[in-house]
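Chains A and B are the protein sequences, given in the same order. Just remember that our numbering sits 423 ahead of the position in the first sequence, which is counted from 1. Just remember that our numbering sits 543 ahead of the position in the second sequence, which is counted from 1.
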Amino acid sequence: MLTEATAASDKIRCDACPVMCYIKPGAAGACDRYANHDGELVRVDPHIILERTVSHGGALVPFQAGGDWDGKIVHEPGMFVTAIGAGTTYPDYKPAPFIVSSEVDGVDMVTVVTEGIFSYCGVKVKIDTDRYLGPETATVRVDGEAVGHVTTSEYGSQMLSLGGVHHLTGGSKKEGRVTCDALMDLSNCKPVELAIDGGATVVVRAGHPPVVNGVAEERMRVGCGSATIGMFAKLWHDKVDDVVVVDDHITGVLSEHQAGKLLDIADTGIKMKGRRSTPGRYFQVAEPGTGWGGTKISDPLSVLGPFDPKVARPGMSLLMVSTTGEHAAYYELDAALRPIEKEMPADLRLSVERIQENCEPALCTVLFMAGAGGSLRAGVTDNPVRLTRSVKQALTRVTSGGAPVYVWPGGGITFMVDVTQLPAGAFGYVPTPALVAPIEFTLRLSDYAALGGHMGHVRTLASIRENAEIRQMPLAAPGQHP
Amino acid sequence: MTRTPQTRFLADGRRLHLHDGPIDLIVEANGNPAAIAAAYQAAISRFTGLLDELCEELPILRRAADPQACALQGKVARRMYAAVTPLAGDHFITPMAAVAGAVAEEILGAMVDAARLDRAYVNNGGDIALHLADGERFVVGLVARPDRPGLMGTTVIEATDPSRGVATSGRHGRSFSLGIADAVTVLARTAAQADAAATIIANAVDLPDHPAIVRRPAQELQPDSDLGVRLVTRHVGRLEEIEIISALEAGARQARRLLAAGLIEGAALRLNGKTQVVVLRKLDAGVSYPSSRRTIFESLTHA
Numbered sequence: 424m425l426t427e428a429t430a431a432s433d434k435i436r437c438d439a440c441p442v443m444c445y446i447k448p449g450a451a452g453a454c455d456r457y458a459n460h461d462g463e464l465v466r467v468d469p470h471i472i473l474e475r476t477v478s479h480g481g482a483l484v485p486f487q488a489g490g491d492w493d494g495k496i497v498h499e500p501g502m503f504v505t506a507i508g509a510g511t512t513y514p515d516y517k518p519a520p521f522i523v524s525s526e527v528d529g530v531d532m533v534t535v536v537t538e539g540i541f542s543y544c545g546v547k548v549k550i551d552t553d554r555y556l557g558p559e560t561a562t563v564r565v566d567g568e569a570v571g572h573v574t575t576s577e578y579g580s581q582m583l584s585l586g587g588v589h590h591l592t593g594g595s596k597k598e599g600r601v602t603c604d605a606l607m608d609l610s611n612c613k614p615v616e617l618a619i620d621g622g623a624t625v626v627v628r629a630g631h632p633p634v635v636n637g638v639a640e641e642r643m644r645v646g647c648g649s650a651t652i653g654m655f656a657k658l659w660h661d662k663v664d665d666v667v668v669v670d671d672h673i674t675g676v677l678s679e680h681q682a683g684k685l686l687d688i689a690d691t692g693i694k695m696k697g698r699r700s701t702p703g704r705y706f707q708v709a710e711p712g713t714g715w716g717g718t719k720i721s722d723p724l725s726v727l728g729p730f731d732p733k734v735a736r737p738g739m740s741l742l743m744v745s746t747t748g749e750h751a752a753y754y755e756l757d758a759a760l761r762p763i764e765k766e767m768p769a770d771l772r773l774s775v776e777r778i779q780e781n782c783e784p785a786l787c788t789v790l791f792m793a794g795a796g797g798s799l800r801a802g803v804t805d806n807p808v809r810l811t812r813s814v815k816q817a818l819t820r821v822t823s824g825g826a827p828v829y830v831w832p833g834g835g836i837t838f839m840v841d842v843t844q845l846p847a848g849a850f851g852y853v854p855t856p857a858l859v860a861p862i863e864f865t866l867r868l869s870d871y872a873a874l875g876g877h878m879g880h881v882r883t884l885a886s887i888r889e890n891a892e893i894r895q896m897p898l899a900a901p902g903q904h905p
Numbered sequence: 544m545t546r547t548p549q550t551r552f553l554a555d556g557r558r559l560h561l562h563d564g565p566i567d568l569i570v571e572a573n574g575n576p577a578a579i580a581a582a583y584q585a586a587i588s589r590f591t592g593l594l595d596e597l598c599e600e601l602p603i604l605r606r607a608a609d610p611q612a613c614a615l616q617g618k619v620a621r622r623m624y625a626a627v628t629p630l631a632g633d634h635f636i637t638p639m640a641a642v643a644g645a646v647a648e649e650i651l652g653a654m655v656d657a658a659r660l661d662r663a664y665v666n667n668g669g670d671i672a673l674h675l676a677d678g679e680r681f682v683v684g685l686v687a688r689p690d691r692p693g694l695m696g697t698t699v700i701e702a703t704d705p706s707r708g709v710a711t712s713g714r715h716g717r718s719f720s721l722g723i724a725d726a727v728t729v730l731a732r733t734a735a736q737a738d739a740a741a742t743i744i745a746n747a748v749d750l751p752d753h754p755a756i757v758r759r760p761a762q763e764l765q766p767d768s769d770l771g772v773r774l775v776t777r778h779v780g781r782l783e784e785i786e787i788i789s790a791l792e793a794g795a796r797q798a799r800r801l802l803a804a805g806l807i808e809g810a811a812l813r814l815n816g817k818t819q820v821v822v823l824r825k826l827d828a829g830v831s832y833p834s835s836r837r838t839i840f841e842s843l844t845h846a
C-alpha cells in the first residue's frame, strides 16, 4: 500500500482508491477498509493467515513440503501469508495488496500475495472408475450447458477437461456462468453433477469417490484384464481350469495368456467374443457400460462363444471376474459343454478378494489449471516477463493458497494445483465470468529487486502479523467448506 | 487505464455486490434471466470508473452547494447538487449529503435502460434506488441502528406510489451527523433526494447544548470531512423520556416542512427506542393512503 506521511502531521494519506482520504491515527478512511494504525496504513477487513502448527491434517498444507528450494522461508511458527482474501488492486500496475518480506536465517524473503483473476482457467478431473462414462471428446454438461469434454482414458480412470476460456467467455452468457459456477464448486471441493453426452451422469467431488449413475464407485481397478491375469495367474494355477478377467479395454484369458503358458496351463477350448489382440488379450468383448469391468453386460457369459468340443470337456471349471473383483462368478461345464454357475470354491473366492484388496479406493481428483496473465504478473513486478523467467529458473517459487503447484514448461506461468491442498473456500469468482484463485510468488529479496519488484511496498512479516488485519485461519475439518 | 471495481455475487447467488473504494452496492434485479444478466452487466459497466468521475470533482462536491450556480460537470455530481440545492437555503449542506443516493440512482438507471425488469434495487449502504414495473411492490425493512441488525418496522412501496428512493441517516452510519438520531429513514421520489433529506432531518433531531451529548469538530476526526469544524455527535448519554420526545419532535418539524414542500414522501425518526413517523401513508401497517391527499399521518410509538 502506498502511504504518504504528510509533513508535520500524524495523518496519512491513503491512495487505495481515488478518494485519497487523509486518515488520522486510530481512524479509518471513508471506506472503513483502510485505517491509520500508529502512522501505518492497514487494512481492517480480515485477511487469512495460515498457522501450520495448529492445523496439521486438514485443509492446510505446509508451505515447503520438503522441496529442494534452498531459499529458506518463514520458519518461525510455520506462518505463511496466503493470498486468500488479499483482494486485488486495480489498475494492474499497482502493487499487489501484500508484498510481504520476512528475514529468516539472514535471508530476506518476500512473498508477493495476490489473488489472480483467471479467465484462462479450468480443471482437469480424474475419475477413478472402470465404468464407461462416455466417448472421448463427448461434451460434458452441467444444467444442460456445455462446460467441457471427455478426454483420454488413463489407468483405471477417466479424464475430463472442464472449463477453459471457450466455455467461460466464448459461448452464451449462461454457458459462461454455469461453467464458472461448476469450476468454482469443483475447485472448492464441492460436489458437481456432470452429464456426459451419450454416456453417464457422474457426481464429482474432489477427494471423494465418484458417483456414476447414482452408484458410488468403491474401488479403482488393479489393472486391465490382461494385467490382472498376469498378476494373479499363480493364485489360479491348479485351482481352476480357466479364468476370464472381463474388462472394457483388454479382457484377459488365463489359458491363452502368456502368464498361463508359462505356468503350463492347458487350453480349455474357450471362445471369446471381441477382437483378439495378442494371445489371451481381447479388445471390445462388449459394449462399454456400467456393468462388469466397465462393459454394459450383466451376464458375463455373454462375452463367451460356445466352447470348442475338440478341446473342452465336461466338468472343466471357469472363473469369471471383473478388474476390480467387484463382480465374480464360478462355472463348470455340463455334459453339453455349457457353463453352469456353481458356488465358488474358497480358494477362488480368496483370489477374488485379493483382486479387491489390491484395488485402491476410487477417488475424484481435481486439478485447477490456470495461466497467470501479464496484468497479474505486473502486480508483482514492473517487468512482467522477468517474473516468468524467474519462475522458470526456479528462483521464484509459485504456490496457490500455500499449496505446491506444477508450473508448465513453455511460455507464460501456467500452473496446476490439487484443489484439495488449498484451504477451504479458497476460490471465488467475478461475473466476467472468471475464477479468482490465490497465487503467491516467493523469492529472495535480492532476486525480487533484480527482477524489478515493487521494493517500496515490501512489508515485513512482523508488520503484517502484528496488525489486526490478520486473523487465524479457521480450523476446517476435511470436507467442511464454510 | 480504467480502474475496475470488484464485483461478485453474494452467497445467495442472486444479489450482486459491487465494491470500489468507499462504495459498496448491493444490487438485485427481478425479471427474466436474460434481462437480469443484461441489467447486471449494465450495472458493472456504469459502475466502472464512476468513483474516478466523482473524485475528479471532489473538492467542489465537498463545498456548500451554491444554489445560484452549479460548477459541476459529472452526471452523478450534478444529480447530487440538484438533490441538495432545495435544502441549501436554510441549511449548510454539500452535495456529498446525496452521494450515496445519487450513485444508487445512477446505477439503477443504467440497469433499467439496459433491460426490461419487473423490479430492481440498488442499495448503497442503506440508501436505496428502486425500480417497480406496474403492479409490483417492494417491502422495505427499517433498521434502527446499522450496528444492531433488527427490523423496527416495514413499509410497502407500491408501483403506484411516487417513492423510488429510500435513505437512512443517523449517527451510527459511516457519515457524521450533527444530530443525535439513531436513524432517520426517508422515502422520496429519488434516492438522492431521500439521502439529502435524511441527512437534514437527522441533523434536526437534536438537543442543543445538552450535557450528555459529546460532540467533536468533524475535521478533527476526518481531516477532509466536508463538515469542517462543525461539531458532530460522538456519544449520546442518558436522556430523559421528555428529552427524547422533544428531540424527535424537532426532527419531525423538519420532516413536515420537507413533506409540505414535496421534497419527501415520508420519514421515520428513531431515537433511544422511540419512533416518530411522519408520512403520507402509514408505515408498519402496510395500509396505503392516497398520496394525492397531502394529509400527514403521524404516530409516536414506544418500543
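Glycine included, C-beta positions come from ideal geometry on N, C-alpha and C. Every value quoted in this text rests on a predicted model; they were computed, and no experiment measured them.
| query | Within the chosen definition, does the stretch 541-560 of chain A reach the stretch 784-791 of chain A through at least 3 CB pairs nearer than 8 Å? | reply | Per the Cβ contact rule, the stretch 541-560 of chain A is in contact with the stretch 784-791 of chain A (3 or more Cβ pairs under 8 Å).
| query | Hey, which unbroken runs of the beta strand (DSSP E) at 3 residues or more fall wholly within the stretch 713-762 of chain B? | reply | Every beta strand (DSSP E) stretch that sits fully inside the stretch 713-762 of chain B and reaches 3 residues is listed by chain position as 726-731 and 756-760.
| query | What number of angstroms, rounded off, separates the C-alpha of B:A793 from the C-alpha of B:D609? | reply | About 26 Å.
| task | Report the residue from A:G748, A:D757 and A:A751 whose alpha carbon sits nearest the alpha carbon of A:R736. | result | Minimum Cα distance to A:R736 is reached at A:D757.
| Of the choices A:D841, A:Y543, A:R554 and A:G599, whose alpha-carbon is the least far from that of A:R564? | Residue A:G599 holds the alpha-carbon nearest to the alpha-carbon of A:R564 among A:D841, A:Y543, A:R554 and A:G599.
| query | What did DSSP end up calling A:T726 once you bin it into helix, strand or coil? | reply | Checking the displayed sequence, the identity of residue 726 of chain A turns out to be Val instead of Thr. DSSP places A:V726 in the helix class (H, G or I) of the three-state scheme.
| field | Cα-Cα separation between A:D953 and A:S580, rounded to whole angstroms | value | In this structure chain A extends from 424 to 905, so residue 953 of chain A is not present and cannot be described.
| field | Residue interval of the beta strand (DSSP E) (run including B:R622) | value | Per DSSP, B:R622 belongs to no beta strand (DSSP E); it is in the alpha helix (DSSP H), K618 to A631.
| request: Leaving out five residues on either side along the sequence, give the residues of the same chain with a beta carbon under 7 Å from the beta carbon of A:A656. | output: So the qualifying residues of the chain are L677, A682, G683 and L686.
| field | A:W492 at chain B interface by Cβ criterion, 9 Å | value | In this predicted model, A:W492 has a pLDDT of only 31, less than 50, meaning its place in the structure is not dependable; the value taken from the coordinates is given anyway. It does not: the Cβ of A:W492 has no partner Cβ on chain B nearer than 9 Å.
| said: Against A:G851, what residues of chain B qualify as contacts under a CB-to-CB distance less than 7 Å, listed in chain order? | reply: Correct list: R551.
| message | I want to see whether chain B comes within less than 9 Å of A:A569, judged by CB atoms only; does it? | response | With respect to chain B, the C-beta atom of A:A569 has no partner C-beta closer than 9 Å.
| query | Rounded C-beta distance between A:G717 and A:K694? I'm assuming under 8 Å. | reply | Actually they are not in contact, since the Cβ atoms of A:G717 and A:K694 sit about 22 Å apart, beyond 8 Å.
| task | Taking only beta-carbon positions, decide if B:D670 is within less than 9 Å of chain A. | result | Taking Cβ atoms only, chain A never reaches closer than 9 Å to B:D670, which makes this a no.
| query | Are the C-beta atoms of A:I446 and some chain B residue less than 9 Å apart? | reply | Cβ-Cβ to chain B under 9 Å: yes for A:I446.
| field | DSSP bridge partner residues for A:V565 (one or two, in chain order) | value | In the DSSP output, where bridge partners are listed per residue, A:V565 has A:E568.
| query | When DSSP labels each residue in this structure, what does A:E474 get in the three-state scheme? | reply | Its pLDDT being 29, under 50, A:E474 is placed unreliably by the model, and the measurement read from it follows with that caveat. Collapsing the DSSP output to three states places A:E474 in a strand.
| message | Checking 9 Å against the spacing of the C-beta atoms, do A:R644 and A:S721 come in under that value? | response | No, they are not a contact pair.
| message | With a threshold of 6 Å on Cβ separation, who are the neighbours of A:T575 within its own chain once the five nearest residues in sequence on each side are excluded? | response | Excluding positions up to five away in sequence, the list reads M582.
| Apart from the five residues just before and just after B:R732, which ones in its own chain have a Cβ nearer than 8 Å to its Cβ? | If we look at B:R732 and ignore the five residues flanking it on each side, its Cβ neighbours are P705, S706, R707, G708 and E808.
| Nearest to A:A561 by alpha carbon, out of A:A569, A:L771 and A:V573? | Nearest option by C-alpha distance: A:V573.
| request: State buried or exposed for B:S813, treating a residue as buried only when at least 16 other CB atoms are found within 10 Å of its CB. | output: In the sequence on display, residue 813 of chain B carries Arg and not Ser. Counting every other CB atom within 10 Å of its CB across the protein chains shown gives B:R813 a total of 16 or more, marking it as buried.
| task | Would you mind sorting A:I763 into buried or exposed? The rule is 16 or more other CB atoms within 10 Å of its CB. | result | That one is exposed.
| What residues of chain C sit near B:D769, judged by a beta carbon separation below 7 Å? | As a matter of chain content, chain C is missing from the structure shown, whose protein chains are A and B.
| query | Shorter than 9 Å from the beta carbon of B:E600 to some beta carbon of chain A? | reply | Chain A, which has no Cβ nearer than 9 Å to the Cβ of B:E600, makes this no.
| said: Taking 8 Å as the limit between beta carbons, can you name the residues of its chain near B:I743, skipping five residues before and five after? | reply: L630, H634, I636, A640, Q797 and L801.
| query | chain B partners of A:K434, CB-CB under 7 Å? | reply | Residues of chain B passing the Cβ test: P766.
| said: Among the candidates B:V682, B:A676 and B:A672, whose CA atom is the shortest distance from the CA of B:T703? | reply: Cα-wise, what sits closest to B:T703 is B:A676.
| request: May I ask you to list the residues that DSSP assigns as paired with A:L583? | output: Beta-bridge analysis with DSSP links A:L583 to A:V548 and A:V573.
| request: Answer with yes or no whether the minimum CB distance from A:V442 to chain B is below 9 Å. | output: Judged by the 9 Å Cβ criterion, A:V442 is in contact with chain B.
| request: Report the rounded CA-to-CA distance for B:A739 versus A:V859, giving the unit in angstroms. | output: Whole-angstrom Cα-Cα distance: 38 Å.
| Quick one: Cα of A:A847 to Cα of A:N611, how far? | Near 6 Å, if we compare the C-alpha coordinates of A:N611 and A:A847.
| query | Quick one: Cα of B:A726 to Cα of B:A761, how far? | reply | Spanning the two alpha carbons is a distance of roughly 19 Å.
| Where B:G564 meets chain A, residues with beta-carbon distance less than 8 Å | Within chain A, the residues A439, C440, P441, V442, A453 and C454 have their CB atoms less than 8 Å from the CB of B:G564, given in chain order.
| query | Going by alpha carbons, who is nearest to B:L568 out of B:E649, B:F719 and B:R799? | reply | With distances taken between CA atoms, B:L568 lies nearest to B:E649 out of B:E649, B:F719 and B:R799.
| Going along chain A in order, which residues have a C-beta closer than 7 Å to the C-beta of B:D595? | One finds P441 in chain A with Cβ atoms closer than 7 Å to the Cβ of B:D595, taken in chain order.
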